[in-house]
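Undergrad: When we follow my numbering, the leftmost residue of the sequence shown carries the number 1, and every step to the right adds one.
By construction, the Cβ of each residue, glycine as well, lies at the ideal position given by its N, Cα and C atoms.
Note that the coordinates shown come from a computational prediction; the quantities given were computed from them, not determined experimentally.
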Amino acid sequence: MAVKLFVGGLAFATSSDRLRETFAVVGVVASASVVTAPAGQSRGFGFVEMETSEEAAAAITRLHGSQLDGRALRVELSEKQGPRAGGRR
Numbered sequence: 001m002a003v004k005l006f007v008g009g010l011a012f013a014t015s016s017d018r019l020r021e022t023f024a025v026v027g028v029v030a031s032a033s034v035v036t037a038p039a040g041q042s043r044g045f046g047f048v049e050m051e052t053s054e055e056a057a058a059a060i061t062r063l064h065g066s067q068l069d070g071r072a073l074r075v076e077l078s079e080k081q082g083p084r085a086g087g088r089r
């Protein structure tokens, strides 16, 4: 089962393809995406799914703190998001 990683610290110019290429050096990338705002500009973070937990651990060990497009990456396991608080006003 694929393991989802959060990747922070992305340069606004970093593409999903560039993110995939970077993580492919440590294992099989099931998916890679840079999160964008409605206007299409990068929000500076994204998600990568590695095929195995071993590859995910290797990605965290090897890529956390490394440079990509002039920015230091923050790589960690993605936390599951529950329902958001809030509601009607």
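(1) Applying the criterion that 16 or more other CB atoms from any shown protein chain within 10 Å of the CB defines a buried residue, is GLY46 buried or exposed?
(2) Can you give the Cα-Cα distance for LEU5 and ILE60, rounded to whole angstroms?
(3) Tell me where the alpha helix (DSSP H) around THR22 begins and ends.
(4) So for LEU63, helix, strand or coil by DSSP?
(5) ALA32 by DSSP, collapsed to three states: which one?
TA: So, from the listed chains and residues:
(1) Numbered from its first residue, the sequence shown carries residue 46 at position 46. GLY46 should be labelled buried.
(2) In the sequence shown, counting from the first residue as 1, residue 5 sits at position 5. In the sequence shown, counting from the first residue as 1, residue 60 sits at position 60. Going from the Cα of LEU5 to the Cα of ILE60 covers about 8 Å.
(3) Against the sequence shown, residue 22 aligns to sequence position 22. Its alpha helix (DSSP H) spans residues 16-23.
(4) Working through the sequence shown from its first residue, we reach residue 63 at position 63. Looking at LEU63 - three-state DSSP - the assignment turns out to be helix.
(5) Here residue 32 corresponds to residue number 32 of the sequence shown, with the count starting at 1. In this structure, ALA32 counts as strand in the three-state DSSP scheme.
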